[in-house]
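Structure, as structure tokens:
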């Protein structure tokens, strides 16, 4: 079913919307959540919470890209779950945080600058400047939190190449953020 | 700021990029040695077929001469012989019309030209609605090969198309089989109107019909 038709079901308050969302995006949402929370049980709960959040949010919103919309919801819910669990061990998403530390300077960013959305604009500009393949690799790692092996398989390239691409993109992003004073 | 804050901010990037990353399909690149191996096998098979064909033609000619000499009566055409499909603009447009009869028109603002998947989009001059079929990598490759093979300028007495057709690569690039392969004839990120410059070959029409029907 097309995204637009599923969104229409949400707007019509038809519960089949959740079934159709599950059919089309359930697997992606579970994988995204699992890579953050690190447990199938928690991921399952997060996915169910995400359906509820979508159901509650939809009359006000009309997403053009339902997949991206659901991905944002599941990511936020899973991060909250991750925080709640206070995972002490270093796994999946913690490694991603540490990788991203490399892009940042030693100084603190002024809160105002952060809130103004400046950083988001810089990120969008940075992503727009990447080629399609690089952009997909970057977002699979730092939005969907995929493992290096999963990205390599999806992109049909070696794990070494994925690591090299990510290393260079982090360095490139660090430069861009530095230039923007972030 | 720490890595977590940056990670959170990446959560707010443009949804078009997220959709692109979610739907990206890698274009598998065959290793060079595999391409060479496939080419060698194809060449060998081609040579064998050619030899067999030449032998068959020879036998047929000799057989035909003997047949004519021994039974001069005229041949009666088979009653149930299949009518061959003609690969003309008219037959292709008939196929497009039939196909779109079973489809929902596309949202012109959401043509998904950047989602990593190739597609063939068409519209007819009457309705102005857009319709699509998705293309596999091999279909896209074959279409592009046939488009640049022996292009022939359209002439005044040529069959004039009533449908506009575009081939979309999935990375925003858009071309039309009716246009010459010039840089100025490729669009990016949107469909464009055009005046046909080329006639479509029978092989190309056949392939388009195949892509649309399957």
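Chains as they are written, first to last, in the working numbering: chain A, 95 to 276; chain B, 219 to 432. Every residue gets a Cβ at the ideal spot worked out from N, C-alpha and C, and that includes glycine.
Thinking residue i and residue j are a contact (beta carbons under 8 Å), I'd like their distance in whole angstroms, please.
{"i": "residue 221 of chain A", "j": "residue 235 of chain B", "result": "5 Å"}
{"i": "residue 238 of chain B", "j": "residue 230 of chain A", "result": "6 Å"}
{"i": "residue 396 of chain B", "j": "residue 383 of chain B", "result": "7 Å"}
{"i": "residue 112 of chain A", "j": "residue 172 of chain A", "result": "Residue 112 of chain A to residue 172 of chain A, Cβ: 18 Å. No contact."}
{"i": "residue 264 of chain A", "j": "residue 197 of chain A", "result": "5 Å"}
{"i": "residue 227 of chain B", "j": "residue 162 of chain A", "result": "Not a contact, Cβ separation roughly 16 Å."}
{"i": "residue 337 of chain B", "j": "residue 353 of chain B", "result": "6 Å"}
{"i": "residue 329 of chain B", "j": "residue 409 of chain B", "result": "7 Å"}
{"i": "residue 358 of chain B", "j": "residue 332 of chain B", "result": "15 Å between Cβ atoms; not a contact."}
Answer with buried or exposed for residue i, where buried requires no fewer than 16 other C-beta atoms within 10 angstroms of its C-beta.
{"i": "residue 363 of chain B", "result": "exposed"}
{"i": "residue 190 of chain A", "result": "buried"}
{"i": "residue 272 of chain A", "result": "exposed"}
{"i": "residue 234 of chain A", "result": "buried"}
{"i": "residue 341 of chain B", "result": "buried"}
{"i": "residue 225 of chain A", "result": "exposed"}
{"i": "residue 399 of chain B", "result": "exposed"}
{"i": "residue 304 of chain B", "result": "exposed"}
{"i": "residue 156 of chain A", "result": "exposed"}
{"i": "residue 343 of chain B", "result": "exposed"}
{"i": "residue 321 of chain B", "result": "exposed"}
{"i": "residue 148 of chain A", "result": "buried"}
{"i": "residue 240 of chain B", "result": "buried"}
Can you give me the C-alpha to C-alpha distance between residue i and residue j, rounded to a whole angstrom?
{"i": "residue 175 of chain A", "j": "residue 168 of chain A", "result": "10 Å"}
{"i": "residue 260 of chain B", "j": "residue 356 of chain B", "result": "17 Å"}
{"i": "residue 229 of chain B", "j": "residue 346 of chain B", "result": "38 Å"}
{"i": "residue 107 of chain A", "j": "residue 324 of chain B", "result": "24 Å"}
{"i": "residue 276 of chain A", "j": "residue 122 of chain A", "result": "32 Å"}
{"i": "residue 377 of chain B", "j": "residue 419 of chain B", "result": "12 Å"}
{"i": "residue 160 of chain A", "j": "residue 242 of chain B", "result": "16 Å"}
{"i": "residue 237 of chain A", "j": "residue 225 of chain B", "result": "7 Å"}
{"i": "residue 379 of chain B", "j": "residue 365 of chain B", "result": "16 Å"}
{"i": "residue 274 of chain B", "j": "residue 264 of chain B", "result": "15 Å"}
{"i": "residue 428 of chain B", "j": "residue 369 of chain B", "result": "20 Å"}
{"i": "residue 144 of chain A", "j": "residue 166 of chain A", "result": "9 Å"}
{"i": "residue 221 of chain B", "j": "residue 193 of chain A", "result": "7 Å"}
{"i": "residue 250 of chain A", "j": "residue 367 of chain B", "result": "30 Å"}
{"i": "residue 253 of chain A", "j": "residue 424 of chain B", "result": "41 Å"}
{"i": "residue 240 of chain A", "j": "residue 246 of chain A", "result": "10 Å"}
{"i": "residue 139 of chain A", "j": "residue 126 of chain A", "result": "13 Å"}
{"i": "residue 242 of chain A", "j": "residue 255 of chain A", "result": "10 Å"}
{"i": "residue 411 of chain B", "j": "residue 146 of chain A", "result": "44 Å"}
{"i": "residue 268 of chain B", "j": "residue 119 of chain A", "result": "51 Å"}
{"i": "residue 227 of chain A", "j": "residue 361 of chain B", "result": "23 Å"}
{"i": "residue 308 of chain B", "j": "residue 406 of chain B", "result": "29 Å"}
{"i": "residue 179 of chain A", "j": "residue 124 of chain A", "result": "18 Å"}
For residue i, I'd like the list of residues in its chain whose CB is within less than 7 Å of its CB, leaving aside the five on either flank, ordered along the chain.
{"i": "residue 114 of chain A", "result": "95, 100 and 103"}
{"i": "residue 372 of chain B", "result": "414, 415, 416 and 417"}
{"i": "residue 326 of chain B", "result": "348"}
{"i": "residue 267 of chain A", "result": "197 and 220"}
{"i": "residue 134 of chain A", "result": "128"}
{"i": "residue 248 of chain A", "result": "234"}
{"i": "residue 422 of chain B", "result": "364, 365 and 395"}
{"i": "residue 257 of chain A", "result": "242"}
In chain order, what residues of the same chain lie with their CB nearer than 8 Å to the CB of residue i, ignoring the 5 residues before and after it?
{"i": "residue 404 of chain B", "result": "391, 392 and 393"}
{"i": "residue 317 of chain B", "result": "349, 351, 430 and 431"}
{"i": "residue 152 of chain A", "result": "101, 104, 105 and 111"}
{"i": "residue 272 of chain B", "result": "none"}
Looking at residue i and the ligand GDP, is the gap between the Cβ and the nearest heavy atom below 8 Å?
{"i": "residue 116 of chain A", "result": "Among the components of this structure there are no ligands whatsoever, and the ligand GDP is therefore not found."}
Suppose the cutoff is 6 Å on Cβ atoms and the five residues either side in sequence are ignored; what does the same chain contact list for residue i look like?
{"i": "residue 136 of chain A", "result": "175"}
List, in order along the chain, the chain E residues whose C-beta lies closer than 8 Å to that of residue i?
{"i": "residue 221 of chain A", "result": "Reference to chain E is not applicable here, since the protein chains of this structure are A and B."}
Tell me the start and end of each unbroken alpha helix (DSSP H) in the region 343-380 of chain B that is at least 4 residues and wholly inside, in chain order.
-> For the region 343-380 of chain B, whole alpha helix (DSSP H) runs of length 4 or above, ordered along the chain, are 355-366.
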